[in-house]
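Here is the structure we will look at.
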Amino acid sequence: MKQKYPLYPSVINALHANGLSKEDADKIPATGPSGRLLKGDVLAYAGRLSDSAYASNLSKIVAEKAHLDLSNIKVVQPKAPAAAAPSTPAAPTEPVPEPVTQVTLPINFKAVLECQKRLQDNLGVYLPLSEFVARATELANEDLPRSKKAQPTADELFDAIVGVNNIPTTSRGHFIPEVSSPPSFAPKSARVPPKSDIIDILSGKPAKPRAAKTAVPAASAIASPVNVFSVSVPKGEEKRATLFLERVKAVLEKQPGDLVL
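Everything in the sequence shown is counted per our numbering, starting at 23 for the first residue and increasing by one.
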């Protein structure tokens, strides 16, 4: 029977070793899968193996490998879990505080004091300075440049997805200034040394102690109505805070009357 498949290298070597040709291979009964010729077939044909022994060994191997031997399977008992070593809870890491900077600006209250006096003289209404500051703060917080640390809202994110770019460039601020007066340094009273009396000098009498005259401070030495406004902001928000304080300064120094209307 002519071989349908190419010969294995081991079969070719067995043919050459036993003086057989490829034509002789067609005469050898094949026992391999799909009728393929095996090396054992060549050796059995050449008389190197007993046909019965080869067939019996082959059938024995097939019989042994035909089923899986599960007779020696043993159930392994589960091992007890090892006691976990007590873990030391990690110390909570404290968040690093964000660096804060302070922005200050001096503001003159002269115009505010004059407006307060006119209001009281003409209308009999007393408006405290704290009310002027509160109204100026409310006005200065409007329409400030958008903070660099501001997170976009859900509506803004949706608009960005659909391609609508309408993110506002301004937002309302929440600055609350701290007001403090600058330290005023009053000039020390200058002591005028007492003059010696010519009569006492001629008579040899000791000079009588006289009360020293105290110099009157000049009018320019009186502290002017200036207060220092300051706000504490995160690093990077200095420009926004400076603009806020400049707005407060402008309305308190130049247009305090607008805060009364």
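Heads up, the beta-carbon is just placed ideally off N, CA and C, and yes, glycines get one too.
So which of the options has the shortest CA-CA distance to residue i?
i    : options                   : result
N35  : L65, S56 and A104         : L65
K261 : V125, Q277, H38 and L37   : V125
K271 : K132, E259, T175 and H89  : K132
E268 : K257, P256, L283 and F251 : F251
S56  : Q25, T264, G41 and P114   : Q25
P28  : K101, I95, E86 and E45    : E45
I198 : Y148, F180, S152 and N187 : S152
S202 : N130, V97 and Y148        : N130
Going along the chain, which residues of its own chain have a beta-carbon closer than 8 Å to the beta-carbon of residue i, five neighbours each way excluded?
i    : result
V12  : Look at the range of the chain in this structure, 23 to 283, and you will see that residue 12 is not part of it.
A182 : P174 and I189
D187 : The residue you asked about is not Asp; residue 187 is Asn in the sequence shown. Once the five neighbours on either side are set aside, the close Cβ partners of N187 are D181.
Given residue i, which residues of its chain have a CB within under 7 Å of its CB, disregarding the five upstream and five downstream residues?
i    : result
I50  : L59, D63, V64 and Y67
A172 : S193
P278 : A133, V134, C137 and F154
L141 : V147, L149 and V282
Verify whether the separation of the beta carbon atoms of residue i and residue j is less than 9 Å.
i    : j    : result
P150 : R168 : no
P128 : V253 : no
K257 : V118 : no
E275 : V155 : no
L37  : A52  : no
K170 : E259 : yes
K61  : S32  : yes
Enumerate in chain order the residues of its own chain whose CB-to-CB distance from residue i is below 6 Å, with the five nearest sequence positions on each side excluded.
i    : result
D177 : none
D165 : T192
V255 : A263
(message) What ranges does the alpha helix (DSSP H) occupy inside the stretch 90-143, keeping only unbroken runs of at least 4 residues that lie completely in it?
(response) none
(request) Let me know the alpha helix (DSSP H) ranges lying completely inside the stretch 151-192, each 4 residues or longer, listed in chain order. (result) 151-162 and 176-184
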